[in-house]
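**Student:**
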Ligand code: SF4
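Protein chains in written order, with the numbering used here: chain E, 4 to 211; chain L, 519 to 684.
(1) Can you give me, in chain order, the residues of the stretch 636 to 669 of chain L that have a beta carbon less than 7 Å from any beta carbon in chain E?
(2) Helix, strand or coil for residue 31/E, going by three-state DSSP, please let me know.
(3) Is the beta carbon of residue 26/E closer than 8 Å to that of residue 75/E?
(4) Might you give, ordered along the chain, the residues of its own chain that have their beta carbon closer than 6 Å to the beta carbon of residue 39/E, omitting 5 neighbours on each side?
(5) Please report whether the beta-carbon of residue 56/E lies at a distance below 8 Å from any beta-carbon of chain L.
(6) Does the beta carbon of residue 136/E sit closer than 8 Å to a beta carbon anywhere in chain L?
(7) Is it the case that the CB of residue 83/E approaches a heavy atom of the ligand SF4 more closely than 7 Å?
(8) Comparing the C-beta of residue 179/E with each C-beta of chain L, is any distance below 8 Å?
(9) Am I right that residue 550/L and residue 531/L are in contact with their C-beta atoms under 8 Å? What's the rounded C-beta distance?
(10) Mind checking if residue 119/E is an interface residue toward chain L, Cβ cutoff 8 Å exclusive?
(11) Suppose contacts are defined by Cβ-Cβ distances below 8 Å. Is residue 103/E in contact with residue 78/E by that definition?
(12) Measure the C-alpha to C-alpha separation of residue 92/E and residue 72/E and round it to an integer number of angstroms.
(13) Cβ closer than 8 Å: which chain L residues qualify as neighbours of residue 122/E?
(14) Beta carbon of residue 638/L: closer than 7 Å to some heavy atom of the ligand SF4?
(15) Would you tell me roughly how many angstroms separate the C-alpha atoms of residue 4/E and residue 147/E, rounded to the nearest one?
(16) Would you give the residue range spanned by the alpha helix (DSSP H) that residue 592/L belongs to?
(17) Are the Cβ atoms of residue 615/L and residue 654/L separated by less than 8 Å?
(18) Under three-state DSSP, which class holds residue 545/L?
(19) Would you kindly work out how many angstroms separate the C-alpha atoms of residue 646/L and residue 21/E, rounded to a whole number?
(20) Relative to chain L, which residues along the stretch 79 to 99 of chain E have a C-beta separation below 7 Å, given in chain order?
(21) How is residue 556/L classed by DSSP in three states: helix, strand or coil?
(22) So the alpha helix (DSSP H) residue 104/E belongs to, where does it begin and stop?
(23) Beta-carbon separation of residue 579/L and residue 587/L under 8 Å?
(24) With respect to 7 Å, is the separation between the Cβ of residue 43/E and the closest non-hydrogen atom of the ligand SF4 below this value?
(25) Is any heavy atom in the ligand SF4 found nearer than 7 Å to the beta carbon of residue 105/E?
(26) Is residue 541/L buried or exposed, if buried means 16 or more other CB atoms sit within 10 Å of its CB?
(27) Would you call residue 66/E buried or exposed, if buried means 16 or more other Cβ atoms sit within 10 Å of its Cβ?
(28) For the stretch 114 to 145 of chain E, which segments carrying the beta strand (DSSP E) assignment without a break, of at least 3 residues, lie completely within its bounds, in sequence order?
(29) How many Å lie between residue 137/E and residue 539/L at the Cα?
(30) Alpha carbon to alpha carbon, how far is residue 3/E from residue 564/L?
(31) Quick one: what does DSSP say residue 642/L is sitting in, helix, strand or coil?
(32) Between which two residues does the alpha helix (DSSP H) holding residue 93/E run?
(33) Relative to the alpha-carbon of residue 110/E, which residue among 35/E, 134/E and 194/E has its alpha-carbon at the smallest distance?
(34) In whole angstroms, what separates the C-alpha of residue 144/E from that of residue 47/E?
(35) Would you mind reading off the limits of the alpha helix (DSSP H) that contains residue 629/L?
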């Protein structure tokens, strides 16, 4: 990943970094989501934006009411067939670089409506490319914030540098350096020790 | 608020063939299709029911003792007296159509579009009778009881967008 800022090597208030890192840092700390909720998941998204969970800590609390000013589309809710074309249109209207977070079971794959819903699109990734999937029905605001952090990881891996071309001529066109996709994080799953007492009632085996 | 008896009496005195019933103090009037528009107009202009709360529909297909298939329901309210009244029109299958209530209440526009979308009941004289909830190319009326519970292959017919096209 990226190197840290080079600090404290020179006199005070002077630091050195790369353009790439400065841009990525600016981008990842001001992800503006679009005000866009289509079902019950949106309530959790609003909770994530409100004081208790405070998405503003990550610079992502400025919900924009227009796709032109938004960087992130949190698709929070059931995507119906009728809404599908609208979502694609909103996505097309967003300026690059843009990110899509699929929040909730409905958005990831149809959710409760997967099997027989005559009106629900079976996953928003049939319509727009999705960067981060946040599962749950609905996901807790913590999960949404986790998804936001993963998007920040993704931004941090952006490369704006170019490789040298064939070297002919001044200002030669090169190829863009590939982005570094972030490694998946530790999921947090810990194997329970075998000798541990069951903690909840439903874990206990009732003797016959 | 129970609907005042004078409203029910006035309706029954003016049109024959209304069936009135009561449930928990709420009057429910079954109106023949032919006089529906006149009854609605009179309720609004003479009895002060200035608000159309909802237009919705029930499909009585294979329902015990039901003679006709659709029951189209109008819920009206009066904002000055707080009265409420429920009107119902029974419609049958080959041509379930009624006169649109948009000339009386502008708010009927989307309500009737929704009923058209979900039940396929035509509203004659509606200014813009398009589907409201389902996409335009959808062919069926999904809240009818004979629409299959498992859908008609909506899961399989959706065009999948490949990542390289996105
Ligand atoms: S995933 Fe669950 S909570 Fe979210 S929109 Fe679907 S049904 Fe609602």
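The C-beta atom is built at its ideal place from N, Cα and C for all residues, glycine as well.
**Tutor:** Taking the coordinates as given:
(1) 651, 652, 653, 660, 667, 668 and 669
(2) The residue you call residue 31/E lines up with position 28 of the first chain. The answer is helix: DSSP assigns residue 31/E an H, G or I state.
(3) Position 72 of the first chain, counted from the start, is the residue given in the question as residue 75/E. Position 23 of the first chain, counted from the start, is the residue given in the question as residue 26/E. No.
(4) Here residue 39/E refers to the residue found at position 36 of the first chain. Nothing listed; no residue qualifies.
(5) Locating residue 56/E in the first chain gives position 53, counting from the first residue. False, the Cβ-Cβ gap to chain L never drops below 8 Å.
(6) The sequence position of residue 136/E within the first chain is 133, counting from 1. With 8 Å as the cut-off, residue 136/E does not count as an interface residue toward chain L.
(7) In the first chain, the residue the question calls residue 83/E occupies position 80. Checking the Cβ of residue 83/E against the ligand SF4 gives no.
(8) What you label residue 179/E is simply residue 176 of the first chain in a count that begins at 1. Chain L contact via Cβ: absent.
(9) Locating residue 550/L in the second chain gives position 32, where the first residue counts as 1. Locating residue 531/L in the second chain gives position 13, where the first residue counts as 1. Wrong, their Cβ atoms sit about 16 Å apart, outside the cutoff.
(10) Translated into positions along the first chain, residue 119/E becomes position 116. With 8 Å as the cut-off, residue 119/E counts as an interface residue toward chain L.
(11) On the first chain, position 100 is the one that residue 103/E refers to. On the first chain, position 75 is the one that residue 78/E refers to. Yes, they are a contact pair.
(12) As a first step, residue 92/E must be located in the first chain, where it is residue number 89. As a first step, residue 72/E must be located in the first chain, where it is residue number 69. Cα-Cα distance, rounded: 15 Å.
(13) In the first chain, counting from the first residue as 1, residue 122/E sits at position 119. The contacting residues are 651, 652, 660 and 672.
(14) Taking the second chain and counting its residues from 1, the one referred to as residue 638/L is at position 120. Answer for residue 638/L: no, Cβ out of range of the ligand SF4.
(15) Position 1 of the first chain holds residue 4/E. Position 144 of the first chain holds residue 147/E. For residue 4/E, the pLDDT reaches just 44, beneath the cut-off of 50, and the residue's location in the model is therefore unreliable, although a value from the coordinates is still provided. Cα to Cα, residue 4/E sits roughly 23 Å from residue 147/E.
(16) Taking the first residue of the second chain as 1, we reach residue 592/L at position 74. That residue, residue 592/L, is in no alpha helix (DSSP H); its beta strand (DSSP E) goes 588 to 595.
(17) The residue given as residue 615/L occupies position 97 in the second chain. The residue given as residue 654/L occupies position 136 in the second chain. Taking 8 Å as the Cβ cut-off, residue 615/L and residue 654/L do not qualify as a contacting pair.
(18) For the purposes of this step, residue 545/L is identified with residue 27 of the second chain, where counting begins at 1. Reduced to three states, the DSSP call for residue 545/L is strand.
(19) As a first step, residue 646/L must be located in the second chain, where it is residue number 128. As a first step, residue 21/E must be located in the first chain, where it is residue number 18. Rounded to whole angstroms, residue 646/L to residue 21/E spans 58 Å at the Cα level.
(20) 84 and 85
(21) Locating residue 556/L in the second chain gives position 38, where the first residue counts as 1. Note: residue 556/L maps to helix in three-state DSSP.
(22) To locate residue 104/E, count along the first chain from 1; it is residue 101. Premise fails: residue 104/E lies in the beta strand (DSSP E), 102 to 106, not in any alpha helix (DSSP H).
(23) As a first step, residue 579/L must be located in the second chain, where it is residue number 61. As a first step, residue 587/L must be located in the second chain, where it is residue number 69. Yes; because the gap between Cβ atoms is below 8 Å, this pair is in contact.
(24) The count along the first chain starts at 1 and reaches residue 43/E at position 40. Yes, the ligand SF4 has a heavy atom inside 7 Å of this Cβ.
(25) Looking up residue 105/E in the first chain gives position 102. Flag unset: Cβ of residue 105/E not near the ligand SF4.
(26) To locate residue 541/L, count along the second chain from 1; it is residue 23. Exposed, because fewer than 16 other Cβ atoms sit within 10 Å of the Cβ of residue 541/L.
(27) As a first step, residue 66/E is located in the first chain; it is residue number 63 there, counting from the start. Buried.
(28) 135 to 137
(29) What you label residue 137/E is simply residue 134 of the first chain in a count that begins at 1. What you label residue 539/L is simply residue 21 of the second chain in a count that begins at 1. Approximately 52 Å, taken between the alpha carbons.
(30) The requested residue 3/E does not occur in the structure, where chain E is confined to residues 4 to 211.
(31) As a first step, residue 642/L is located in the second chain; it is residue number 124 there, counting from the start. Note: residue 642/L maps to strand in three-state DSSP.
(32) Within the first chain, residue 93/E is the residue found at index 90, counting from 1. Note, residue 93/E: alpha helix (DSSP H), 84 to 96.
(33) Here residue 110/E refers to the residue found at position 107 when the first chain is read from its first residue. The candidate whose alpha carbon is nearest that of residue 110/E is 134/E.
(34) Position 141 of the first chain, counted from the first residue, corresponds to residue 144/E. Position 44 of the first chain, counted from the first residue, corresponds to residue 47/E. Answer to the nearest angstrom: the Cα atoms are 6 Å apart.
(35) Numbered from its first residue, the second chain carries residue 629/L at position 111. 626 to 637 is the span of the alpha helix (DSSP H), which, as asked, contains residue 629/L.
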